[in-house]
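One structure below.
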Amino acid sequence: MLVMFNFIKMHGVGNDFAIFDEREGKISFSSQVIKKMSNRNKGIGFDQLIILSNSDRADIKMSIYNADGSAAETCGNAARCVADLTGKDNGAIEVGERLLFFKKLPSLSNEPRYTVNMGKPEFAWDKIPLSIPVDPLNLNFEIEGFQQGAALSMGNPHLVFFSSIPLELESVAKYGALFENHELFPQAVNVNFAHILDNNHIALTVYERGAGITLACGSGACATAVIAYTKKLINNKCKVDLPGGTLLIEITKDLEVLMTGSAVKCFEGQISF
Ligand SMILES: N[C@@H](CCC[C@H](N)C(=O)O)C(=O)O
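The structure is reproduced here in structure tokens:
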């Protein structure tokens with residue numbers, strides 16, 4: 000017997016999601032099924048699949064799965080989309096162990112806009128996690144052009160490289176895939192390639208763990224801004240230009256990371272298995 004599932008397709012600055020609601024009935028997709036659904040030619044096509052459920056601690060809970068079917072601990076762009084689905088102007092989303100607080104802002108174009116408090120970055124090597132105790136902010140690699148990187152966790156692991164010119168997509172694909180499963184990262188890593196434009200402006204392309212090159216990565220923009228700020232390359236407020244659009248990042252005195260950007264509904268669909 001075929002079972003029908005409803006979903007909503009949304010995106011945040013191009014990073015796109017198929018959002019299923021478990022409050023309508025139990026959902027359990029295997030990683031193979033998620034991978035199949037993520038296919039842009041034969042499936043729904045998405046970077047991440049999101050499952051919504053009830054939360055005891057927040058307005059709603061979201062669980063995140065990458066296009067390859069692997070689970071992820073957080074997702075900044077999806078948080079704004081889920082905030083929009085709550086219909087609330089202020090609220091909180093449970094994501095893993097974190098609570099992400101959100102606030103609706105006046106829209107600039109016709110797209111709803113939200114600020115999400117993504118919480119504090121984690122710099123401890125074993126929490127990112129790294130496989131050996133080294134300084135995450137000064138990582139050395141023996142790879143031409145990528146000798147120096149920095150890592151942290153925004154709930155999920157990120158590696159950041161800065162380059163004097165923006166990296167071409169071909170190189171992002173090649174080196175992103177190479178670092179995603181580098182032995183230093185036992186749970187693999189999202190790889191951020193950043194170019195500082197000025198002290199409040201970054202150009203960024205991200206190769207996401209489990210999803211490859213994305214039009215935008217919210218937690219990647221946060222991680223990159225935090226590392227750039229820690230290295231005194233930018234001020235505490237910056238614009239991050241990604242291939243799909245711009246996110247605004249603010250780092251508070253307490254080192255909480257506020258991310259602002261759009262949340263766009265694309266269409267509602269159904270899929271059956
Ligand atoms: N697109 C996301 C991050 C999604 C999860 C990531 N690929 C991971 O595996 O950690 C964002 O906007 O933060």
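Here the sequence shown stands for residues 0 to 272, where the numbers follow numbering that gives the first Met the number 0. Each residue gets a CB set at the ideal place from its N, CA and C atoms; glycine is no exception.
#1: Whole angstroms is fine: what's the gap from A123's alpha carbon to P156's?
#2: When the Cα of P135 is compared with those of I142, I127 and Q146, which residue comes out closest?
#3: Could you pull out every residue in the same chain whose Cβ sits closer than 7 angstroms to the Cβ of E249, ignoring the five residues on either side in sequence?
#4: Use the C-beta contact count for C265: other C-beta atoms within 10 angstroms, 16 or more gives buried, fewer gives exposed.
#5: Beta-carbon separation of F192 and V171 under 7 angstroms?
#6: Which residues bound the beta strand (DSSP E) around V256?
#7: Leaving aside the five residues before and after N139 along the sequence, list all residues of the same chain whose C-beta is less than 7 angstroms from its C-beta, in chain order.
#8: Count the other CB atoms, across all protein chains shown, that sit within 10 Å of the CB of N38; report buried if there are 16 or more and exposed otherwise.
#9: Out of Y64, Q31, V2 and G95, which has the shortest C-alpha to C-alpha gap to I18?
#10: What does the shell around ligand 1 hold, if a residue joins when its beta-carbon is under 7 angstroms from any heavy atom?
#11: Would you report the Cα separation of S152 and A222, rounded to the nearest angstrom?
#12: What three-state label does DSSP hand S54 in the structure shown?
Considering the structure as presented:
#1: One-based indexing of the sequence shown puts residue 123 at position 124. One-based indexing of the sequence shown puts residue 156 at position 157. About 11 angstroms.
#2: The sequence position of residue 135 within the sequence shown is 136, counting from 1. Comparing Cα-Cα distances from P135 to each of I142, I127 and Q146, the minimum goes to I127.
#3: Within the sequence shown, the letter at position 250 stands for residue 249. Once the five neighbours on either side are set aside, the close Cβ partners of E249 are N235, K236 and L257.
#4: Counted from its first residue, the sequence shown places residue 265 at position 266. C265 should be labelled exposed.
#5: Counted from its first residue, the sequence shown places residue 192 at position 193. Counted from its first residue, the sequence shown places residue 171 at position 172. In this structure, V171 lies closer than 7 angstroms to F192 by Cβ.
#6: Position 257 of the sequence shown, counted from the start, is the residue given in the question as residue 256. Note, V256: beta strand (DSSP E), V256 to S261.
#7: Position 140 of the sequence shown, counted from the first residue, corresponds to residue 139. Only Q146 and Q147 meet the Cβ criterion.
#8: Position 39 of the sequence shown, counted from the first residue, corresponds to residue 38. Answer is exposed; the Cβ neighbour count stays below 16.
#9: Position 19 of the sequence shown, counting from 1, holds the residue named residue 18. Ranking Y64, Q31, V2 and G95 by Cα distance to I18 puts Y64 first.
#10: G11, N14, D46, Q47, I63, N65, S69, A71, E72, T73, C74, G75, N76, A77, N155, P156, N189, E207, R208, G209, A210, T213, A215, C216, G217, S218 and G219
#11: Here the question's residue 152 lines up with position 153 in the sequence shown. Here the question's residue 222 lines up with position 223 in the sequence shown. In a straight line, the C-alpha of S152 is about 7 angstroms away from that of A222.
#12: As a position in the sequence shown, residue 54 is number 55, starting the count at 1. When DSSP states are grouped into helix, strand and coil, S54 belongs to the coil group.
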